[in-house]
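**Student:** Below are the structure tokens for one structure; questions will follow.
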Amino acid sequence: MQFYNNPMIIVGAGALLLAFTRIRMPYNKGVNRIAKSTFAVFLLHLDVSWGFDTFLRSVRGIYSDFPEGMAVGPMALFIVAVFALAVLLDQPRIWMWRRISSCLPEPKHRL
Numbered sequence: 003m004q005f006y007n008n009p010m011i012i013v014g015a016g017a018l019l020l021a022f023t024r025i026r027m028p029y030n031k032g033v034n035r036i037a038k039s040t041f042a043v044f045l046l047h048l049d050v051s052w053g054f055d056t057f058l059r060s061v062r063g064i065y066s067d068f069p070e071g072m073a074v075g076p077m078a079l080f081i082v083a084v085f086a087l088a089v090l091l092d093q094p095r096i097w098m099w100r101r102i103s104s105c106l107p108e109p110k111h112r113l
């Protein structure tokens, strides 16, 4: 089992970080919209108390409905659908926060 304090994991993460600093990506509105909602996806996966049983039942159902090895595609589609649903459900929160924050006064001091 690999842990996050393993030197190879740290070196690999550093190399990945350096590789991504060299990439110049143009502005993409869709990518930025998804990136703003990744924290919502994280929170959805963090709080497993309400949805873990449903998620587990769904994955087991997919695994039992397809022959061995053929369930990889439907499981990948299911995971992408859960991600897309979390991003979609986060859009009203972003819209509401923009409306609320526009009514707040600007802070006097920036940190």
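Read in order, the letters of the sequence shown are residues 3 to 113 in our numbering.
Each residue gets a CB set at the ideal place from its N, CA and C atoms; glycine is no exception.
Could you check the C-alpha separation between S43 and P9 for me, to the nearest Å?
**Tutor:** According to the sequence provided, residue 43 is Val. The question's Ser does not apply to it. Near 28 Å, if we compare the C-alpha coordinates of P9 and V43.
**Student:** Could you check if D55 is buried or exposed, using at least 16 other CB atoms within 10 Å of its CB as the buried criterion?
**Tutor:** By the 10 Å Cβ count, D55 comes out exposed.
**Student:** Have a look at R26 and K38 and give me their C-alpha separation to the nearest angstrom.
**Tutor:** Approximately 19 Å between the Cα atoms of the pair.
**Student:** I'd like to know whether the C-beta atoms of Y65 and A78 end up nearer to each other than 7 Å.
**Tutor:** Against a cut-off of 7 Å, the Cβ pair of A78 and Y65 comes out as no contact.
**Student:** Please report the residue range of the alpha helix (DSSP H) in which H47 lies.
**Tutor:** It spans T40 to L48 - the alpha helix (DSSP H) in which H47 sits, taken as one unbroken run.
**Student:** Nearest by alpha-carbon distance to L87: which of G16, Y6, A15 and I36 is it?
**Tutor:** The option with the nearest alpha carbon to L87 is I36.
**Student:** Using only CA atoms, which one of A15, F68, Y29 and F80 lies nearest to F57?
**Tutor:** The candidate whose alpha carbon is nearest that of F57 is F80.
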